[in-house]
Amino acid sequence: MEKENLELLNKIHKGLVMGMESISVITPKVGDRNFRDDLNYQYDEYGKVLDKIDAKFEENGIKPVDTNPGEKMMGWTSLQMNTIMDKSNNKIAELLIRGNTMGIVQGREILNQKPDLNKNTKSIINEFIQLQENNIEKLKTYL
10 MEKENLELLN KIHKGLVMGM ESISVITPKV GDRNFRDDLN YQYDEYGKVL DKIDAKFEEN
70 GIKPVDTNPG EKMMGWTSLQ MNTIMDKSNN KIAELLIRGN TMGIVQGREI LNQKPDLNKN
130 TKSIINEFIQ LQENNIEKLK TYL
């Protein structure tokens, strides 16, 4: 059972890493100081959840499986292509809202399909979902 919990947390781990990498790519393109501050805050919050997941892996003496380099490159390329002509707050917020929505879907699917997860794993996944939902609400102000 613990193995299954870790496998599912690894999925969330990958989502957090992708989100942090996306923020790192996008933030330098943002001219609005408040928007950059909000993105830096989101990055830090992702890091806090990531630390909790890393601690669970460390307790079990293993490391999470990193995102495939090809997927990372596709994500980077997509962000570059989607912002090459339009670096407006609206466009960047839209792209990030899509990513956060994918995170919510992923987290909800895990919780709905695996109701027997341990309490700690459920708590981390719920925290991840809540973070995504909060991000979307904040990002809506930039549309």
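Each residue of the sequence shown is one higher than the last, beginning at 10 in the numbering used here. Every residue gets a Cβ at the ideal spot worked out from N, C-alpha and C, and that includes glycine.
Per DSSP, L126 is not a residue of any alpha helix (DSSP H), being assigned neither H nor E. When C-alpha distances from R107 are compared across N14, L17, N19, G24, the shortest belongs to G24. Counting other Cβ atoms within 10 Å of its Cβ, N14 reaches 16 or more and is therefore classed as buried. In its chain, beyond the 5 residues on either side, N109, G112, I113 have a beta carbon closer than 6 Å to the beta carbon of Q141.
Here the C-alpha atom of L17 lies approximately 26 Å from the C-alpha atom of S87. Per DSSP, the unbroken alpha helix (DSSP H) holding P78 starts and ends at 78-92. Between E136 and V34, the alpha-carbon positions lie close to 24 Å from each other.
Counting C-beta atoms within 10 angstroms of its own C-beta, A102 has 16 or more neighbours from the protein chains shown and is therefore classed as buried.
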